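Numbering (the numbering used here), first residue to last: 5 to 408.
Note that CB positions come from ideal geometry on N, CA and C, so glycine has one too.
Please read these numbers as outputs of a predicted model, since none were measured by experiment.
Structure, as structure tokens:
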Amino acid sequence: MVLVLVPALAGCGSGDRAWGGGPPADAGGPASPAHARPVAAPAGEAFYRPPAPLPAGRPGDVLWWRPVPAAGQFAALGARVFQVLYLSSGALGRPTAVSGTVLVPARPTDDAPILGYAPGTQGLGDDCAASKGLAVGVNLAVGALSEALRRGWIVAVPDYEGLGTPGEHTYVVGPAEGHALLDIVRATPRVAGLTGPAHRRVGLTGYSQGGGAAVWAAQLAPAYAPDLDVRGVAAGGVPADLEAVERGLDGKGAAGLELAAAVGLDAAYPELRLDALLTTPGRSVFAAVRTACALALVTGYAGERIADLTTTDPMTLPRWRARLAENTLGRVAPRVPLYLYHATSDSLVAFGQAAGLRAAYCARRVAVTWAPFPGDHIDGVGRTTGALQFLADRFAGIPTRGNC
């Protein structure tokens with residue numbers, strides 16, 4: 005058992021209720037005061053199981069955390085690694101607990117900025133959670149995270165709702181993912197033992213699913229997390245229009261990602277009732293999808309069409325179309341500069357809808373730096389130098405007008 009400090013949580017009821025007064029306004033503001041009592045973080049997998057019902061608190065409050073031995077590149081850099089369980093909000097504003105990882109460089113400065121790093125697709129099963137791979141130094145994001153640590157930044161990486169923790173993962177559901185990212189940034193000062201400036205500079209980044217989460221966080225931050233000093237967002241491979249992305253995947257080699265998105269939407273919005281639409285073969289396929297990790301989702305369901313697995317294609321139903329519309333980016337202008345990059349021949353996340361997001365933000369006078377590049381989706385995974393430099397410039401206070 006590891007001795008940690010858990011704040012005295014105050015302000016809301018159990019996990020079955022929304023945050024008092026509604027999530028955007030009343031969930032905003034800093035986490036609870038630093039009144040704390042020593043408790044032991046549960047060992048092993050019990051770490052990921054929050055108290056039931058959830059204790060009262062505010063988004064970003066820490067339930068518990070534990071240090072884990074740094075491995076791989078993190079060990080070579082002398083970084084400290086912590087796993088954390090914290091309060092956040094689901095898509096409908098209900099309190100939830102989310103797990104994640106906080107990485108602290110060997111010698112952080114008193115005013116070191118915080119990078120909120122939203123991971124790309126990990127999968128839907130609890131074993132796929134990024135925090136479990138990062139604990140042993142294995143994840144596609146390790147290179148980017150290591151570069152951020154070399155720059156002296158503190159890094160916060162959420163697992164997202166229902167990934168590692170109980171319940172189903174709300175995969176590609178924008179509000180849930182944006183909340184999870186903003187709230188682990190809120191939780192980070194307590195976990196990392198920071199005593200410097202109360203309002204640290206914050207940057208947000210991610211690729212693919214993580215790119216969508218980062219941009220959603222940018223849209224949500226002014227109302228949901230006004231206490232955070234977000235300076236900029238760098239996002240690649242963004243699934244801005246879920247309907248366009250899913251139609252581009254249907255029946256193709258990576259159709260499993262479309263099926264995962266259907267599971268994620270259904271997990272966030274109970275009225276969608278996916279199970280009631282499944283055929284007998286569909287039930288079998290979706291049962292496997294619900295526990296699959298990223299590689300299986302990308303390669304294991306080639307050629308599947310959602311209409312062949314359901315009695316009615318969900319994408320034709322008004323209740324599904326309404327939630328897809330709610331999860332479309334570009335209708336609200338972020339108040340911070342954006343760096344958006346996307347592969348021009350992207351076979352997983354359609355390029356056209358990403359270009360449409362850029363156009364929508366430019367029309368709303370957002371300072372967008374648009375950086376398309378040749379290649380397919382996978383080619384952007386390690387393409388982080390431009391994104392991190394963009395954020396470094398924002399941390400330094402260098403202005404940008406973008407290239408709209």
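Suppose the cutoff is 6 Å on Cβ atoms and the five residues either side in sequence are ignored; what does the same chain contact list for residue i look like?
i, result
"Thr-199", "none"
"Val-6", "With a pLDDT of only 36 at Val-6, under the threshold of 50, the placement of this residue in the model should not be trusted; the figure read from the coordinates follows. For Val-6, where only same-chain residues beyond five positions count, the Cβ hits under 6 Å are Ala-45, Arg-70."
"Gln-223", "Val-336, Pro-338"
"Gly-216", "Val-242, Pro-243"
"Gly-76", "Gly-141"
"Ala-248", "Ala-354, Gln-357"
"Val-289", "Leu-313"
"Phe-86", "Trp-69, Pro-71, Val-106, Val-195"
Return helix, strand or coil for residue i, following the three-state DSSP convention.
i, result
"His-381", "helix"
"Tyr-52", "helix"
"His-346", "strand"
"Cys-408", "coil"
"Gly-175", "In the sequence on display, residue 175 carries Tyr and not Gly. In this structure, Tyr-175 counts as coil in the three-state DSSP scheme."
"Leu-186", "helix"
"Gly-147", "helix"
"Ala-225", "helix"
"Val-340", "coil"
"Pro-99", "strand"
"Leu-333", "coil"
"Leu-167", "coil"
"Leu-352", "coil"
"Pro-318", "helix"
"Val-370", "coil"
"Ala-47", "coil"
"Ala-358", "helix"
"Ala-375", "strand"
"Pro-403", "coil"
Ordered along the chain, which non-local residues of its own chain (more than five positions away) have a Cβ less than 7 Å from that of residue i?
i, result
"Ser-351", "Asp-380, His-381"
"Val-340", "Ala-222, Val-234, Arg-235, Gly-236, Val-237"
"Thr-283", "Leu-313, Thr-314, Thr-315"
"Ala-266", "Leu-278, Ile-310, Pro-318"
"Gly-252", "Ala-354"
"Gly-137", "Asn-143"
"Ala-218", "Ala-122, Leu-185, Leu-208, Thr-209, Gly-210, Val-237, Ala-239"
Could you spell out the range, first to last residue, of the alpha helix (DSSP H) harbouring residue i?
i, result
"Ile-158", "No alpha helix (DSSP H) contains Ile-158, which is instead part of the beta strand (DSSP E) from 158 to 162."
"Gly-390", "389 to 399"
"Gly-197", "Taken as a continuous stretch (DSSP letters only), Gly-197 belongs to no alpha helix (DSSP H), as it is neither H nor E."
"Pro-322", "322 to 330"
"Ala-248", "246 to 253"
Please list, in chain order, all residues of the same chain as residue i whose beta carbon is under 8 Å from its beta carbon, the five residues on each side excluded.
i, result
"Asp-317", "Ile-310, Ala-311"
"Gly-171", "Thr-100, Glu-165, Ala-271"
"Gly-307", "Gly-255, Lys-256, Gly-257, Ala-259"
"Arg-154", "Leu-81, Pro-109"
"Gly-390", "Ala-238, Tyr-343, Tyr-345, Ala-375"
Hey, quick one: how far does the beta strand (DSSP E) through residue i stretch, first residue to last?
i, result
"Gly-207", "205 to 211"
"Gly-240", "233 to 240"
Would you say residue i lies against chain B (beta-carbon separation less than 7 Å)?
i, result
"Pro-109", "Among the chains in the structure shown there is no chain B, since it carries only a single protein chain."
For the ligand MN, is there any heavy atom lying closer than 6 Å to the beta carbon of residue i?
i, result
"Asp-115", "The ligand MN is absent from the structure shown, which contains no ligand whatsoever."
Fully enclosed by the segment 264 to 310, which beta strand (DSSP E) runs are 3 residues long or longer? none
Starting from the N-terminal side, write out each stretch of the alpha helix (DSSP H) that is 4 residues or longer and does not extend beyond the segment 101 to 145. 134 to 138
At least 3 beta-carbon pairs within less than 8 Å: the segment 318 to 332 vs the segment 146 to 163: no
Would you call the segment 226 to 239 and the segment 296 to 306 in contact, with 3 or more CB pairs under 8 Å? no
Could you name each continuous beta strand (DSSP E) segment of 3 residues or more that falls completely within the segment 50 to 86, going from the start of the chain to the end? 66 to 72
Closer than 8 Å is the cut-off here; do at least three beta carbon pairs connect the segment 110 to 120 with the segment 130 to 142? no
Counting Cβ pairs closer than 8 Å, one from the segment 184 to 192 and one from the segment 150 to 160, do we hit at least three? yes
If you pair each beta-carbon of the segment 118 to 125 with each one of the segment 207 to 216, do three or more pairs fall below 8 Å? yes
Kindly confirm or deny that the segment 356 to 370 and the segment 392 to 401 touch, where touching means at least three C-beta pairs closer than 8 Å. no
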